[in-house]
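Participant:
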Amino acid sequence: AQSVSQHNHHVILSEAASLELGCNYSYGGTVNLFWYVQYPGQHLQLLLKYFSGDPLVKGIKGFEAEFIKSKFSFNLRKPSVQWSDTAEYFCALTAGGSYIPTFGRGTSLIVHP
Amino acid sequence: GAGVSQSPSNKVTEKGKDVELRCDPISGHTALYWYRQSLGQGLEFLIYFQGNSAPDKSGLPSDRFSAERTGGSVSTLTIQRTQQEDSAVYLCASSFMGDNEQFFGPGTRLTVL
Chain A
107 AQSVSQHNHH VILSEAASLE LGCNYSYGGT VNLFWYVQYP GQHLQLLLKY
157 FSGDPLVKGI KGFEAEFIKS KFSFNLRKPS VQWSDTAEYF CALTAGGSYI
207 PTFGRGTSLI VHP
Chain B
4 GAGVSQSPSN KVTEKGKDVE LRCDPISGHT ALYWYRQSLG QGLEFLIYFQ
54 GNSAPDKSGL PSDRFSAERT GGSVSTLTIQ RTQQEDSAVY LCASSFMGDN
104 EQFFGPGTRL TVL
């Protein structure tokens, strides 16, 4: 069975710092990859997704992620974070034609103004 | 409808009581998912519906948990004889096709005393 690992459980940054959140997965075949975000008091929502094509994916609010197949990774990046980026971030995948996503445990990001 | 809605938003119940949680997906979405989110944990998959049928019930933690979906729309998650370990936020999500972006509801926070 596939799994998703998010190694950073808590990240604290100051505004304007650069962000990279790690996401690694275990599955030998084709995967679809997602990053979801949950802002305080709000629903989970999609940040970006990768199905195929260009491995560098642009999402909302200046976020991007790069799929590196050889490293089984899909790290989330943002060059300059804002206080409003404070949220919980979840990496997820679907694999092998399954419609059931597997989620990582999430990374809590706190950005100090 | 504007988005996925869930009711109630909060439910406090006594151990041993039954509870029903409701999910109204986005109109036209064929796939519907239930998850459980406990403090500090990721999203635990419970059950997936495609239309009214549930091809995957593998995530239901015990036979006290059941779910149904009628008319390809509203879904109800029922927990019988609730236990304290059932306390969590129960999330519902829907998608147009099972492999695409999931749209999440606000969740139902269940507290079992």
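Protein sequence lines, in the order shown, are assigned to chains A and B. If you're matching positions, the first sequence starts at 107 in the numbering used here and goes up one per residue. If you're matching positions, the second sequence starts at 4 in the numbering used here and goes up one per residue. We put the beta carbon where it would ideally sit given N, CA and C, even for glycine.
1) Report buried or exposed for residue 181/A, applying the criterion of at least 16 other Cβ atoms within 10 angstroms of its Cβ.
2) Within a Cβ cutoff of 7 Å, which residues of the same chain sit near residue 99/B, ignoring the five residues on either side of it in sequence?
3) Could you round the C-beta distance between residue 65/A and residue 176/A to whole angstroms and report it? I think they count as a contact, below 8 Å.
4) So, with DSSP's three-state summary, where would you put residue 87/B?
5) Return helix, strand or coil for residue 160/A, following the three-state DSSP convention.
6) Is there a Cβ from chain B that is less than 8 Å from the Cβ of residue 218/A?
7) If you pair each beta-carbon of the region 203-211 of chain A with each one of the region 80-90 of chain B, do three or more pairs fall below 8 Å?
8) Which whole-angstrom value describes the C-beta separation of residue 140/A and residue 155/A, a residue pair presumed to lie in contact below a C-beta threshold of 8 Å?
9) I'd like to know if residue 205/A contacts chain B, where contact means its C-beta is closer than 8 Å to some C-beta of that chain.
10) Contact defined as beta carbons within less than 8 Å: I believe residue 110/B pairs with residue 92/B. What is the distance between those atoms, to the nearest angstrom?
11) So, is residue 114/B buried or exposed, given that buried needs 16 or more other C-beta atoms within 10 angstroms?
12) Note down, in chain order, each residue of its chain lying with its Cβ closer than 7 Å to the Cβ of residue 152/A, except the 5 sequence neighbours on either side.
13) With a threshold of 8 Å between beta-carbons, can residue 107/B be considered close to chain A, or not?
14) Is the beta carbon of residue 22/B closer than 8 Å to that of residue 16/B?
15) Chain A partners of residue 59/B, CB-CB under 7 Å?
16) So, helix, strand or coil for residue 190/A, using DSSP?
17) Among the candidates 64/B, 63/B and 68/B, whose CA atom is the shortest distance from the CA of residue 20/B?
18) Can you tell which of 188/A, 179/A, 149/A and 150/A has the C-alpha that lies nearest to the C-alpha of residue 168/A?
Facilitator: In short, the structure shows the following:
1) To locate residue 181/A, count along the first sequence from 1; it is residue 75. Classification of residue 181/A: buried, given that the 10 Å Cβ count is 16 or more.
2) Translated into the one-based positions of the second sequence, residue 99/B becomes position 96. Excluding positions up to five away in sequence, the list reads 31, 32 and 33.
3) Coverage of chain A is limited to positions 107 through 219, which leaves residue 65/A absent and any answer about it impossible.
4) Position 84 of the second sequence holds residue 87/B. Helix.
5) For the purposes of this step, residue 160/A is taken as residue 54 along the first sequence, with counting starting at 1. Of the three classes helix, strand and coil, the one that applies to residue 160/A here is coil, per DSSP.
6) One-based indexing of the first sequence puts residue 218/A at position 112. It does not: the Cβ of residue 218/A has no partner Cβ on chain B nearer than 8 Å.
7) no
8) By one-based count along the first sequence, residue 140/A stands at place 34. By one-based count along the first sequence, residue 155/A stands at place 49. The Cβ separation is near 5 Å, so the contact holds.
9) The residue labelled residue 205/A in the question sits at position 99 within the first sequence. Yes, its Cβ sits closer than 8 Å to a Cβ of chain B.
10) Looking up residue 110/B in the second sequence gives position 107. Looking up residue 92/B in the second sequence gives position 89. Correct: roughly 4 Å between the Cβ atoms.
11) As a first step, residue 114/B is located in the second sequence; it is residue number 111 there, counting from the start. Counting Cβ neighbours within 10 Å, residue 114/B comes out exposed, since fewer than 16 surround it.
12) The residue given as residue 152/A occupies position 46 in the first sequence. Excluding the 5 residues flanking it on each side, residue 152/A has same chain C-beta neighbours closer than 7 Å at 140 and 142, in chain order.
13) Residue mapping note: residue 107/B aligns to position 104 of the second sequence, counting from 1. With 8 Å as the cut-off, residue 107/B counts as an interface residue toward chain A.
14) On the second sequence, position 13 is the one that residue 16/B refers to. On the second sequence, position 19 is the one that residue 22/B refers to. Yes, Cβ-Cβ distance for residue 16/B and residue 22/B is below 8 Å.
15) Counting from 1 along the second sequence, the entry for residue 59/B is found at position 56. 206, listed in chain order.
16) Your numbering for residue 190/A matches position 84 in the first sequence. When secondary structure is reduced to three states using DSSP, residue 190/A falls in the helix class.
17) Reading the second sequence from its first residue, position 17 is the one you call residue 20/B. Closest by alpha carbon: 68/B.
18) Taking the first sequence and counting its residues from 1, the one referred to as residue 168/A is at position 62. Residue 168/A has its Cα closest to that of 188/A, out of 188/A, 179/A, 149/A and 150/A.
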